[in-house]
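See structure below.
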Amino acid sequence: MTSDSDSDDVPLIRKRRKSEHMLDGEGLGTKRERSVSVGNGEEDRRMGSGTDVLEKKRTEEGLQRKKVKKEEEEEDFEDQPRSVIRSTLVHGKKEDAGGSGVNGTVNRSSRGRKDVRIAESRKKQNGVGKDKAITKKPSKIQERKKTQTKGKSAQKGKKRKPRGVSQVAKVSKNERVKIRESDEEDDDGMRWWDADQGDEIKWSTLEHHGVLFPPAYKPHGVPLVYDGHEIFLDPVSEEVATFYAAKLETDYVQKATFRKNFFHDFQRVLKKAKEPLALKIKTLEKCDFKRIWDHLEAEKAKKKEIPPAEKKRIREEEQERIKKYTVAMVDGREEKVGNFRVEPPGLFLGRGEHPLAGKLKKRVKPEDITINIGKNVPVPPCPLDGHKWGRIIHNNKVTWLATWKDSITNGFKYVWLGAGSAFKGMSDHAKFEKARMLKDHIDKIRKEYTEGFDSKNRAVRQRSIALYLIDKLALRVGNEKGEDEADTVGCCSLRVEHVKFNDPQTVEFDFLGKDSIRYYNTVEIDRKAYVTMKTFIVGKKNEENIFDELTVSSLNDYLKELMPGLSAKVFRTYNASITLDRLLTSTTTKDTVVNKLVFYNQQNKEVAILCNHQRSLPKAHGAQMEKLSTKLNDAKKWLRELQRGLKDSKSKGGEAVTVIQLVRPKPVIKAEMNEKQRAEERQKAENSSPEKVERRMKREQLERNIAASKEKIVKLEAERQTKDDLKTVALGTSKINYLDPRITVAWCKRFEVPIEKVFAKTLLTKFAWAMETIESFKF
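The opening position of the sequence shown corresponds to residue 1 in the UniProt record's numbering, with each subsequent residue numbered one higher.
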């Protein structure tokens, strides 16, 4: 289920136009007519001339008019995924050192050869070829379509996208207004938003058990104190008050926006309850939630008191209860479901300084939910008595299982198959293949935008500079913000206040990027780009946009003319992956596995810095570093003692000698201990002084222990260095979303590093398709 996205500064869930048929099978996918012509030239020759040609033209024009009308009237259901370039299209491109298959191998199956022919014919049909990747001359079809739709386009004021690349990456009208970059995923099984779902059938049969609802609220009866008086609330109001009480010790309640939004919604709930005393609550400042907070803390303490055996029993019962929701049957095969739980009600937190933070997320009911399931299979029964599902549909052109409307954003949330599913694997593979495809076009693209620095057209100059910054600095594309969205920016939405120019060619960037993470970077840029960019701020106020004649949609429309399916976010994936691929080439085979891992993390860090993947300093960082330093000091003392013992043993002809080891007591954890008691025992052991333990060792034992101690010291030093280097850098985001996993798999194979040392279990599942990559793979 998607909640937030790691994407750009564009909101995850966009507002949509309402439609009665929106949730029917036809309304869930953007309709596009697809045609594959194998051998377009031969077909033209068969058409002949004269009447046949005229008839052919009339037919094509009629279809185009119908298609345009259909696209204008169609309602877009935008939060469903749209598939990116299929992997079969990628197989049609030039094979490089790494091969062209999923794992760097050539697809030699008959189906693969057929896909190559189809892909090539599509390229010819659309005028999209490798040698003609950068061309802005419209085809005849484009010109005809432009003429036919001129009236409607002028009325709506929307630029239509180039026809020549529609087969590869179509973008709906609404999506061109706000393009979602789901490149930093990672919340609640978030999915990548694909370029186009199209009319492609995703499955033949689909069966699942629906969704799991959170438990009903159980009133605790603890009063809210208002102006010194106890007020016992009705269950609905009490639940909302409890949401706020749970946040008392967090930074959220210190934010004015959070408090204001909460109290606004809290008062609305109180008015509906019509409780005489509750209606007297007029200001948040007089509300005292401390007694409710104390109750919550007491409940937490009770849970910690539960014996481990009882916890295990409860956990096993819960796993058995939810088991059926964790899997779905897709075309006869079992697939794991990502997040099958409906979000519980609560207070919206948002990311960064979100203007809606603190608002009440309402409880989702079965009537709010649409179930997508195959025909002729049992519809999952509604798990709540007295309720029923809102809608049941059978749309095999999408891959989500259930959806409902978010009460905060008025958008839609989804339940998807798990990260290791075939659908997700195909989507990830296609995304990275598209980035690899950019490698074949990047030189021409850079040449074109560099020439654009001198264009007489101001809009072209702005587009060229923006693309230069996106390419060179890996900036997110950015977009305009609504009043109900956090004021974070990207390249296209940079304002004058966000940059400082220092002659001769240094620019200082300072702004809040995604998730309100500060982007601060002083960088020397191309001199011509510097001079051109500086002209964009002349006569402007601090709050005005630098690129006032550029929009994200126009930039992406232009990029699709340069390469099929290209958008600004592809540069980010390309630059991250190509950077890691180049950095890893300096690995030496003589290093130990530990040192190789340190090296890998350092290169990953460089990519994370490039992408501005920062994090705040972890609260436990100081304690963790201190603990590692203690372990390292103990290990070094033990090594010196062993070396002293070995020297004595050699002087005595190899006889056994006594060595003294400082051993810190281990915590004594008993089965009957609860969580609190175990924590206390661990703390007690850590604070205890080490004990001196005498050991008798012969020369051979001493030598073995010395070798083991040296290895341990190397590991501890590497761990300490890595932890300190990465204290404010988040490596996970780039691994999950930007770095082609085949680069890492190939590197691990070349230098005999266990892949489990680099990828966590979740990533091994997510990137199962990349595990067979050959070691010679190159991005």
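In this text, a Cβ means the ideal position worked out from N, Cα and C, and glycines have one as well. This one's a predicted model, so the numbers in the text were calculated from it and none came from an experiment.
Neighbourhood of residue i by C-beta distance below 8 angstroms, restricted to the same chain and skipping five residues each side
i	result
ALA256	none
ASP634	LEU662, ARG664, PRO690
ALA419	GLY189, GLY338, THR762, THR765, LYS766
ALA309	ALA671
Rounded separation between residue i and residue j - CA only
i	j	result
PRO344	LYS218	14 angstroms
GLY490	LEU356	21 angstroms
TYR414	GLU316	27 angstroms
LEU726	LYS684	29 angstroms
GLY539	VAL496	10 angstroms
VAL594	HIS621	22 angstroms
ALA245	GLY221	14 angstroms
GLU654	ARG699	Sequence inspection shows Gly at residue 654; the Glu mentioned does not correspond to that position. If you take the alpha carbons of GLY654 and ARG699, they lie about 5 angstroms apart.
SER688	GLU626	15 angstroms
TRP389	LYS405	13 angstroms
LEU610	GLU433	21 angstroms
Selection from the options that minimises the alpha carbon distance to residue i
i	options	result
GLU367	ASP385, GLU353, PRO355	ASP385
HIS208	GLY338, GLU310, PHE243, VAL236	GLY338
TRP416	ALA309, GLY390, ASN376, VAL330	VAL330
GLN267	LYS290, LEU212, ALA241, GLN254	ALA241
LYS500	MET533, LEU475, LYS528, LYS472	MET533
ARG321	PRO308, ALA568, PRO215	PRO215
SER629	THR283, LYS723, SER204	LYS723
LEU349	LYS247, GLY478, GLU672	LYS247
residue 787	LYS272, PHE262, LYS560, ALA301	The structure shown has nothing for residue 787, since the chain only spans 1 to 779.
LEU555	LYS444, SER464, LYS715	SER464
residue 783	GLY346, VAL398, ALA730, GLU686	Since the first and last residues shown for the chain are 1 and 779, residue 783 lies out of range.
PRO276	GLN643, PRO564, GLU230, GLU297	GLU230
LEU233	LYS271, ASN396, ASP251, GLN643	LYS271
GLU752	ARG644, TYR600, THR551	TYR600
ASP581	LYS652, VAL398, GLU775, LYS302	GLU775
LYS647	GLU703, GLN603, LYS666, LYS670	GLU703
Status (buried if at least 16 other CB within 10 Å, exposed otherwise) for residue i
i	result
THR744	buried
LYS766	buried
LYS424	buried
PRO741	buried
SER421	buried
residue 791	Residue 791 lies beyond the stretch modelled for the chain, which goes from 1 to 779, so this question has no answer here.
PRO564	buried
ILE373	buried
GLY332	exposed
ALA278	buried
Nonlocal neighbours in the same chain, by C-beta distance under 6 angstroms from residue i, ignoring five residues either side
i	result
LYS286	TYR226, ASP227
PHE547	GLN462, ALA466, CYS492
LEU494	ILE546
ALA459	GLU549
ILE578	PHE779
TRP747	LEU584
Residue i CB to nearest heavy atom of the ligand PLP below 6 angstroms
i	result
TYR252	Within the structure as shown, the ligand PLP is missing, as the structure has no ligands at all.
Per-residue DSSP class, three states only, for residue i
i	result
TYR600	helix
GLU320	helix
GLU367	helix
MET625	helix
ARG664	coil
GLY452	helix
THR585	helix
CYS287	strand
ASP24	With a pLDDT of 41 at ASP24, under the threshold of 50, the predicted position of this residue should be treated as unreliable, though the coordinate-derived value follows. ASP24: coil per DSSP, three-state reduction.
ASN542	coil
VAL53	Caution applies to VAL53, whose pLDDT of 42 falls short of 50 and renders its modelled position unreliable; the value that the coordinates give is listed next. Reduced to three states, the DSSP call for VAL53 is helix.
GLU631	Correcting the residue identity first, residue 631 is Lys in this sequence and not Glu. It is helical.
ASP510	strand
TRP404	strand
ASN502	strand
HIS229	strand
residue 864	Residue 864 lies beyond the range of the chain shown here (1 to 779); nothing can be said about it.
ILE393	strand
Cutoff 7 angstroms; reference residue i; Cβ partners in own chain excluding five residues on either side
i	result
residue 799	Coverage of the chain is limited to positions 1 through 779, which leaves residue 799 absent and any answer about it impossible.
ILE306	ASN674
ARG291	VAL222, PRO223, VAL225
SER709	ALA635, TRP638, LEU639, LEU642
PHE213	VAL342, PRO383, LEU384
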